[in-house]
Structures are given as C-alpha cells and as structure tokens.
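These notes concern the structure reproduced below.
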Amino acid sequence: MPARTMGARVTDSPNSHTARATSIRCRFHVSMAGALGIGGDLRNWSEEDLAWARMLVGQYKRIRPVVHGGVQYRLDHDAVQYVTRDEVVVFQFQPSASTRTTARTLLRGLDLDARYRDEDTGAVHEGAVLLGHGLPPLLPFDRASELVHLRRLPR
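Position 117 (the sequence shown) corresponds to 117 in my numbering; numbering is contiguous.
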C-alpha cells in the first residue's frame with residue numbers, strides 16, 4: 001500500500017496489548033513511515049517524551065512529501081526507503097537485539113554519480129557508495145530505529 005494511505009498511530013508505552021516498552025523515537029519512526037497520527041494519551045506522556053514528539057512531528061512535516069510521494073523500496077534488514085528526484089528518506093528498524101545484523105543497509109534508486117548530504121549531520125555521501133556500501137547497521141538495542149534524510153546536491 002502507498003505510505004500516504006497507511007494510517008499509523010503513535011501509541012503509549014508500554015503498549016496496552018503487548019506490555020512492551022518502546023522508545024518515543026522508535027514509535028514515531030514506525031508511524032512516520034506512513035500517515036503519522038498520535039493515538040496515545042498525551043496527558044500521561046513525560047515532558048521529555050512531549051519534547052521528542054514536538055521535534056519528531058516537525059521532522060515528519062519536512063519528510064512527508066518524500067514518504068507520501070516518493071518511490072518506496074523495501075530494503076533488507078528491516079528497512080524501508082523513499083526516493084524522489086532530490087531527496088531520500090530511509091527508516092531502519094531493529095525489532096530485537098537478539099536478531100541484530102551486522103550487515104549494512106544498501107540503498108536503491110539513487111543516482112550513481114550524484115552526491116547526497118545528510119540533513120541531520122551534514123555529512124556528504126557519494127551515490128555509488130550508498131548503493132554499493134550502504135548505511136551502517138543499528139546499535140544493538142531492542143526496538144532501535146534510525147531515520148536518515150538525504151538531499152541530492154547540485155552538480
């Protein structure tokens with residue numbers, strides 16, 4: 001299904017059905033890969049979680065055109081990527097530290113000759129390197145997640 005049609009709600013932690021605790025960041029990242037909504041009781045969220053929520057909603061607003069309008073690639077190692085002509089958004093997930101992989105996440109659909117800047121770190125990556133070498137694996141934590149937002153640099 002297209003990401004724009006997938007209603008995805010950030011719920012409370014621990015989850016009322018599974019009793020598993022998941023960080024606010026991971027809960028948002030899962031929901032940001034679709035049409036983000038908040039289904040948790042904000043009155044019970046800590047000030048720290050509310051601060052994270054404000055930051056992550058702002059980040060979602062910046063990446064939403066890519067997630068909703070880009071080409072979607074389901075990548076190995078619990079990752080999904082969205083690509084437009086000038087932007088790339090990658091979500092990496094690690095459901096369990098016991099299933100951790102040390103393999104890198106190879107990206108798809110990029111221009112081999114282009115350069116891409118990470119919008120959070122400012123690091124610049126070659127398209128050929130992202131396609132052939134990929135992104136590093138996540139840290140060994142349960143329910144870890146990462147969002148990478150890349151912007152294609154002009155030639």
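Ideal placement from N, C-alpha and C gives every residue a C-beta, glycine not left out.
Residue i burial status per 10 Å Cβ neighbour count (16 or more: buried)
i           : result
residue 34  : buried
residue 62  : exposed
residue 87  : buried
residue 46  : exposed
residue 54  : exposed
residue 29  : buried
residue 21  : exposed
residue 3   : buried
residue 149 : buried
Contact set for residue i: own chain, Cβ-Cβ below 6 Å, skip 5 residues either direction
i           : result
residue 125 : 116
residue 84  : 66, 70
residue 78  : 93
residue 106 : 134
residue 147 : 29, 91
Beta-bridge partners of residue i, as assigned by DSSP
i           : result
residue 4   : The partner list for residue 4 (beta bridge, DSSP) is empty, contrary to what the question assumes.
residue 37  : 9
residue 144 : 94
residue 150 : 88, 118
7 Å CB neighbourhood of residue i in its chain, flanking five on each side removed
i           : result
residue 113 : 127
Span of the alpha helix (DSSP H) around residue i
i           : result
residue 128 : 127–132
Own chain, CB closer than 8 Å to residue i, minus 5 neighbours either side, in chain order
i           : result
residue 11  : 27, 39, 40
residue 131 : 106, 107, 108, 110, 112
Residue i Cβ short of 7 Å to the ligand ZN heavy atom set
i           : result
residue 144 : No copy of the ligand ZN occurs in the structure displayed, which carries no ligand at all.
Every unbroken alpha helix (DSSP H) inside the stretch 25–113 [4 residues or more]: 47–69
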